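The structure under discussion appears below in the form of C-alpha cells.
In our numbering, the protein residues as written are 2 to 315.
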C-alpha cells in the first residue's frame, strides 16, 4: 500500500506575503474612509430625519466592522502552519467573508422593514441637507472603491470588502436621488423608496456571498470540478482498477484539495511502479480539468486490501 501527497503553491511564500501586505494597506485605508463616512452620515441622518441616510449610515457602520474584520483576516491568513493549525490561518478569510455577508443581510432586512413602515407614515425631510450629506458619502465611497479595486479579485476577504463599499456607494446615490425628488416634488415618501432600493441592492449580494462562503465551510466540491469526470479520467490510467473514497473541497481561495483511495494492480507494488502511478494521478488532477487541484492525497491499495476496509464512500 502506498500513500501519495502533493502540495504545490502558486509563487513563493515571500511573494504571497508581499501581495497580502498590499491588500492589508488597501483595507486599512478603506476602513478609515468608511469610518469617516459613518460619522458624517450619522450626523446627517439626525439633522435631516432621513431613513435612507440612516440606513446608509448603518450600512457604512457594517462596512466598517466588516473592513476591520477583513484587516484582521488579512493579517492572519498567511501565517505559517503548525502542528495544531495544519492549514495555518488560511480559512480566516472565509469566516470574515461570512460575517460580512451576515452583516449586510441584517442591514438589508432592517431597511426593507423600516422602509415599508415609512411609506405609510412619512417624515418631513430636509432635502438640501440630505443631498449634501449624500454627496459627501458618495465621494468617500468612490475613493474607497478606487483603493480596493486593485485587489478585489484576490480572495473572498477582498471581494466581500469591495462589494460592501460598492453597495454603500449605490446607497449614497439612492440618498441623493431621494433628496432631488423631494426637492422638486415634495413627495416625502421618496426617502422610504430610496431605503427600499438600498435594501434591494444589499440583500441579493449578501445572499450570494453567504452561498459561496457556505459552500466552502460545508466542504462542498469546488465549483466547476466534476468528480465523476475526475474518476473516469483516473480509471483510464494504466493499472488503475477502482477509485473510491473520492473527496474534494476548498480550504481557501485558490486552494482546492482532493483525496482518494485508488485500487491498482498488485504488480505496481511487486514491480515498483507505485511512485510512477502516484505521479500520474497527481498530474491528472493538476492539469486535465477546469479547476486544477495541486494539493492531492492518494492512497494506493490492492483489491484485497480494499475489501478489508470497514466501509467506503463514493
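Glycine residues also receive a C-beta, built at the ideal position from the N, C-alpha and C atoms.
All figures in this text were calculated on a predicted structure; none of them were measured in a lab.
- DSSP, read as helix, strand or coil, puts residue 261 in strand.
- In this structure, residue 105 sits away from residue 49, with a CB-CB distance that is not shorter than 8 Å.
- Under the DSSP assignment, residue 277 falls in the alpha helix (DSSP H) whose first and last residues are 275 to 288.
- Setting aside the 5 residues that flank it on each side, residue 196 is surrounded in the same chain by 52, 53, 56, 112, 116, each with a C-beta closer than 6 Å to its C-beta; the list follows chain order.
- The residue from 287, 250, 187, 175 with its alpha-carbon nearest to that of residue 127 is 187.
- Annotation for residue 275: 3, 265, 269, 301 place their beta carbon closer than 8 Å to its own, counting only its chain and skipping 5 residues before and after.
- Remark: fewer than three beta-carbon pairs, one from each stretch, lie closer than 8 Å, so the stretch 166 to 181 and the stretch 77 to 96 are not flagged as touching.
- Spatial neighbours of residue 214 in its own chain (CB-CB distance under 7 Å, excluding positions within 5 residues in sequence) are listed in chain order as 95, 98, 99, 102, 157.
- Exclusion of the five residues before and after residue 69 leaves 32 as the residues of its chain whose Cβ lies within less than 8 Å of its Cβ.
- Secondary-structure assignment with DSSP links residue 241 through a beta bridge to 265.
- Here residue 291 is exposed, its C-beta having fewer than 16 other C-beta atoms within 10 Å.
- Setting aside the 5 residues that flank it on each side, residue 109 is surrounded in the same chain by 200, 203, 204, 207, each with a C-beta closer than 7 Å to its C-beta; the list follows chain order.
- Per DSSP, reduced to three states, the secondary structure at residue 65 is helical.
- Secondary structure of residue 300 (DSSP, three-state): strand.
- Taking 4 residues as the minimum length, the alpha helix (DSSP H) runs contained wholly in the stretch 99 to 173 are 128 to 150, in order along the chain.
- Taking the C-beta atoms as reference points, residue 162 is found nearer than 8 Å to residue 67.
- The alpha carbon of residue 41 has as its nearest neighbour, out of 139, 273, 237, 178, the alpha carbon of 139.
- With contacts defined as CB atoms closer than 8 Å, residue 170 and residue 142 qualify as a contacting pair.
- In the DSSP assignment, residue 37 is bridged to no other residue.
- With contacts defined as CB atoms closer than 8 Å, residue 223 and residue 261 fail to qualify as a contacting pair.
- One alpha carbon belongs to residue 305, the other to residue 234, and they sit about 23 Å apart.
- In its chain, beyond the 5 residues on either side, 264 have a beta carbon closer than 6 Å to the beta carbon of residue 243.
- Contact check for residue 27 and residue 228: beta-carbon distance about 36 Å, past the 8 Å limit, so the pair fails to qualify.
- Nearest to residue 289 by C-alpha distance, out of 226, 255, 309, is 226.
- In the three-state reduction of the DSSP assignment, residue 228 falls in the helix class, which pools H, G and I.
- Exclusion of the five residues before and after residue 88 leaves 82, 252 as the residues of its chain whose Cβ lies within less than 7 Å of its Cβ.
- Rounded to the nearest angstrom, the Cβ distance from residue 58 to residue 39 is 6 Å, consistent with a contact under 8 Å.
- The beta carbon of residue 29 lies closer than 7 Å to those of 72 in the same chain, with the five residues before and after it left out.
- Residue 221 counts as exposed, since fewer than 16 other C-beta atoms from the protein chains shown sit within 10 angstroms of its C-beta.
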